[in-house]
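Beneath this line is the structure, given in structure tokens, with notes to follow.
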Amino acid sequence: MTAKAQLRTVRRFFGDLAVPGTVKALLWAVAGFNVLLLAWTFLSSVRTSRALWTSPLGVDGLDLGGYARAWHAADFAGMLLNTVLVVGVSLLGILLVATPAAYMLARSSRRSAGPTLTYFAAGLALPVQAVLIPYQTLASSVSQFMVDWVTGWWDDRISLVVVDVAMSLPFTVFVLSGYFRSLPAELEEAAALDGAGPVRTFWTVMVPVARPGLTTVTVLNAIGLWNEFLLVSVMVHDPAKFTLPAALNQLSSTMQYTSDWGGLFAGVTILVAPMVALFFWCGRRIMDGMTLGATK
Amino acid sequence: MADTSTARGASRSSRPAFRTAGRARPGAAQGVSQRDAKGWFRLFTWPAVLLYPVGFLGPSLYGVVISFAKWSGPGAPLTWVGWRNYVRVFRDDTVRQAFVNTALVVLVGGAAVFALAFLAMAVLRDMRGRAFVRAAVYLPSIISMIAVGTSLGFLLNPDGVVNRLLGLLGLEALQQTWLDPQHIFGCIVVGVVWMGSGFYIVLLMTAVDAIPKHLYEEAQLTGLTRMQQFRWITLPLSRDMIAIAAVLWTANSLRTFDIVIGFVGTAGTPSVNARTYAVQQWLSAGHTTGGGAPELGYASAMATLLTVLTVALVVLVRRLGRSDRLEIS
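Sequence order for the protein chains is A and B. Sequential numbering of the first sequence, starting at 1, is according to this note's numbering. Sequential numbering of the second sequence, starting at 297, is according to this note's numbering.
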């Protein structure tokens, strides 16, 4: 065997078998670890704190005490409701505000359409830290102002929803306008021939056709808002109005006194399970949508 | 980005004369007068165009204004201090430590994430079970980092699962008090890499999937190994996507925050070793368990510097990643 042939065999061995094989094993290991960690978290939520502490990896009887404590004592029932409320209302607001704008910006040939889109895109580069202190002070000022002068009451969750909608606009407008642009112009021409005005064309023709795109941005925004912690931590002062991530953080801070690990994992599960279910339902769409949004 | 969108918008209207003559919407709006078209444009876009500056851009400018003041919040006296907050950021040892930590996340974490993503690009293209692997490695990206930090915190306890497994394997020497100040930052970087890599793998794989299959088949026939195919086909043809991924990583990892809070949730205020820049800023705004007056001006100065740094780095990374587009013949 010549030296050259030997070299080729060595190269084949590493380049075709050894390295790719190791990488495949590594990827499977990471994938397996993720699935097992998730399964372990769910399992731990139905075990007693004592059992969890003495044999963390064991499997024993079903104990729903953790859920009872998280649900009632730590009020995860209320926090779940808060989260659903804040996320739901924010999503509604985002869609109502962003969809018509995205449609017009994508379809209009007005000269201001391009610069307006750029103006929205600029928000994508702004880190949330830049608005953290302003939101913190504005939220408490608005709350003070409304209580003293206008309504006599205020709910920080309203401020949170307004901020959630405003912060989601750059991403949503950008992705949706890309989607509207990909639709055929014949749709509007046909609608115009049938005598439909702009509002009718938008509402009865374009919105139904754009439903896949609308679903994608809704799901992506839902994931982001559901897991959002930083804004809640600076804007919502009453723990009874926290969303789930803030509630879990608070619950986990009490662990050094209570050691109620069963309850903690029940809390983790209540926070995580809806997102996992969403991922099972439309994981492909989430992955495609996120990468699409990133490359815009 | 915007240039292409306007160009595309213009080319879509099939009659250029129509566009220069009037500003009416192409196609659809023949029946609507120009003034009406303008009205509809405003009606559709203005809610977003107005809410966005009021709710987002305006507050960020307000933050820049506060950064020149010494202020502990509404109701407290406010004194203008000029650039003093900015000077202080550069002299503050705690901030320096937090910044060094963040730089480590960006650089070391980034190297690990991209190494993993590149390796995945070489094999995930036609591996058995690739759909499952992709979904499973992506899973952490949609889960609350607070939840993940909490679960991992339990595993990494001194008597936790990790140390017990090491004990079972006879590796007592490797047992650590993982959440102690000297180890916790390493754990955080590993956590960031683990949680982040899935997104970047999936992102880069979309570029790999767009590469024509016949290139690999020909390479196979020519006798190129898998790794050579990666080096000579996959890498050059996904350069644009790698540049985008690098920009995203830079912008996102500079803001690392949730995972730190999740990890140290049980311990209250994160120790100096565990803090990232974003965490330090949050703490300066008054979110410590130890109390201390909020320093809103100071925290705003830190935020402004972060924004400037993010924009500068994104521009730099984008410039580095720019290349002549490769055409596939």
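Even for Gly, the Cβ is constructed at its ideal location relative to N, Cα and C.
Inset, instruction - Identify whether A324(B) lies in helix, strand or coil by the three-state DSSP scheme. - result: Reliability fails at A324(B), whose pLDDT of 44 lies under 50, so the model's placement of it is uncertain and the value that follows must be treated cautiously. If DSSP states are grouped into helix, strand and coil, A324(B) belongs with the helices.
Legend entry - Within 8 Å, strictly: CB atoms of I270(A) and V219(A): The answer is no: Cβ separation not under 8 Å.
Legend entry - Candidates V613(B), L435(B), V607(B), G617(B): closest to G123(A) by CA position: Answer by Cα proximity: V607(B).
Inset, instruction - Could you list which residues in chain B have their beta carbon closer than 9 Å to that of A273(A), in chain order? - result: None at all; the shortest Cβ gap to chain B is about 10 Å.
Inset, instruction - Please name the residues in the region 212 to 234 of chain A whose beta-carbon is closer than 8 Å to at least one beta-carbon of chain B, in chain order. - result: Those would be I223, W226, N227, F229, L230, S233, V234, in chain order.
Inset, instruction - Leaving aside the five residues before and after A515(B) along the sequence, list all residues of the same chain whose C-beta is less than 8 Å from its C-beta, in chain order. - result: Its chain contains Q524, Q525, W528, I529 as the residues whose beta carbon lies nearer than 8 Å to that of A515(B), once the 5 sequence neighbours on both sides are disregarded; these appear in chain order.
Inset, instruction - Evaluate Q136(A) with the Cβ neighbour count: other Cβ atoms within 10 Å of its Cβ, from every protein chain shown; 16 or more gives buried, anything less gives exposed. - result: Burial check for Q136(A): the Cβ neighbour count within 10 Å reaches 16 or more, so the residue is buried.
Inset, instruction - Answer yes or no: does any C-beta atom of chain B fall closer than 8 Å to that of Y67(A)? - result: Not a single CB atom of chain B sits nearer than 8 Å to the CB of Y67(A).
Legend entry - L544(B) vs A294(A) beta-carbon contact at 8 Å: The answer is yes: Cβ separation under 8 Å.
Legend entry - 7 Å CB neighbourhood of G542(B) in its chain, flanking five on each side removed: Note that residue 542(B) corresponds to Ala in the displayed sequence, not to Gly. Here the set comprises V613, G617.
Legend entry - Close Cβ partners of L601(B) (< 8 Å) along its chain, the five nearest in sequence each way excluded: Cβ within range, chain order: Y382, V385.
Legend entry - Three-pair Cβ contact test at 8 Å for the region 240 to 251 of chain A versus the region 9 to 20 of chain A: They do not touch, by the three-pair rule.
Legend entry - chain B within 8 Å of Y179(A), Cβ atoms only: Taking Cβ atoms only, chain B never reaches closer than 8 Å to Y179(A), which makes this a no.
Inset, instruction - Using a Cβ cut-off of 8 Å (strictly closer), state whether T9(A) contacts chain B. - result: Chain B, which has no Cβ nearer than 8 Å to the Cβ of T9(A), makes this no.
Inset, instruction - Can you say whether P134(A) is buried or exposed, counting buried as having 16 or more other CB atoms within 10 angstroms of its CB? - result: P134(A) comes out buried.
Inset, instruction - Report buried or exposed for G327(B), applying the criterion of at least 16 other Cβ atoms within 10 angstroms of its Cβ. - result: Annotation note: pLDDT 44 at G327(B) (below 50); position unreliable, no value reported.
Inset, instruction - Look at the alpha carbon of V97(A) and the alpha carbon of T341(B), and state the distance between them as a whole number of angstroms. - result: Approximately 8 Å between the Cα atoms of the pair.
Inset, instruction - Give the residues from the region 276 to 287 of chain A that approach chain B closer than 7 Å (Cβ to any Cβ), ordered along the chain. - result: Correct list: F279, G283, I286, M287.
Inset, instruction - For K4(A), decide whether its Cβ has a neighbour in chain B, counting only Cβ atoms nearer than 8 Å. - result: K4(A) does not count as touching chain B.
Inset, instruction - Tell me, please, whether the CB atom of K241(A) is closer than 8 Å to any CB atom in chain B? - result: So, not an interface residue.
Legend entry - For T41(A) and G65(A), believed in contact at Cβ under 8 Å, the rounded distance: So it is not a contact: roughly 17 Å between Cβ atoms.
Inset, instruction - Pull up the CB-CB distance for M235(A) and I438(B), whole angstroms please, since I reckon it's below 8 Å. - result: Contact between M235(A) and I438(B) does not hold, since their C-beta atoms are separated by about 23 Å, which reaches or exceeds 8 Å.
Inset, instruction - May I ask whether a heavy atom of the ligand PLP can be found less than 7 Å away from the beta carbon of L448(B)? - result: This structure lacks the ligand PLP, and indeed carries no ligand of any kind.
Inset, instruction - With P212(A) as the anchor, note down where its alpha helix (DSSP H) starts and where it stops. - result: Where P212(A) is concerned, the enclosing alpha helix (DSSP H) stretches over 211 to 227.
Inset, instruction - Could you tell me if S310(B) is buried or exposed, where buried requires 16 or more neighbouring beta carbons within 10 angstroms of its beta carbon? - result: Reliability of the predicted coordinates at S310(B) is poor, the pLDDT of 35 falling under 50, and the value obtained from them is presented with this limitation in mind. So S310(B) ends up on the exposed side.
Legend entry - For L126(A), the nearest candidate out of P170(A), W71(A), A70(A) (CA to CA): If you compare the alpha carbons of P170(A), W71(A), A70(A) with that of L126(A), the shortest gap goes to P170(A).
Legend entry - Given N227(A) as reference, the closest of T215(A), R200(A), V268(A) once Cα atoms are compared: Answer by Cα proximity: V268(A).
Legend entry - Residue interval of the alpha helix (DSSP H) (run including S140(A)): The continuous alpha helix (DSSP H) containing S140(A) extends over residues 129 to 145.
Legend entry - Pairwise C-alpha distance: P343(B) and F202(A): Annotation: F202(A) to P343(B) spans about 16 Å, alpha carbon to alpha carbon.
Legend entry - Short CB-CB distance (under 8 Å) between I362(B) and chain A: At a cut-off of 8 Å between C-beta atoms, I362(B) counts as an interface residue with respect to chain A.
Inset, instruction - Within 10 angstroms of the Cβ of F495(B), are there 16 or more other Cβ atoms? Answer buried if so, exposed if not. - result: It is buried - the Cβ of F495(B) has at least 16 other Cβ atoms within 10 Å.
Inset, instruction - Express the C-alpha separation of Q577(B) and S363(B) in angstroms, rounding to a whole number. - result: Their Cα atoms are separated by approximately 12 Å.
Legend entry - Three-state class that DSSP yields for T375(B) in the structure shown: Three-state DSSP puts T375(B) in a strand.
Inset, instruction - Identify which residue in G582(B), E591(B), G487(B) has its Cα closest to the Cα of V409(B). - result: Among G582(B), E591(B), G487(B), the Cα nearest to that of V409(B) is on G487(B).
Inset, instruction - Using a Cβ-Cβ cut-off of less than 8 Å, list which residues of the region 132 to 146 of chain A approach chain B; keep chain order. - result: Residues are counted here when their Cβ sits less than 8 Å from a Cβ of chain B; for the region 132 to 146 of chain A these are L132, I133, P134, Y135, Q136, T137, L138, S140, S141, Q144, given in chain order.
Legend entry - Nearest residue (CA-CA) to T154(A), options C282(A), L57(A), V163(A), S140(A): Sequence inspection shows Trp at residue 154(A); the Thr mentioned does not correspond to that position. Closest by alpha carbon: S140(A).
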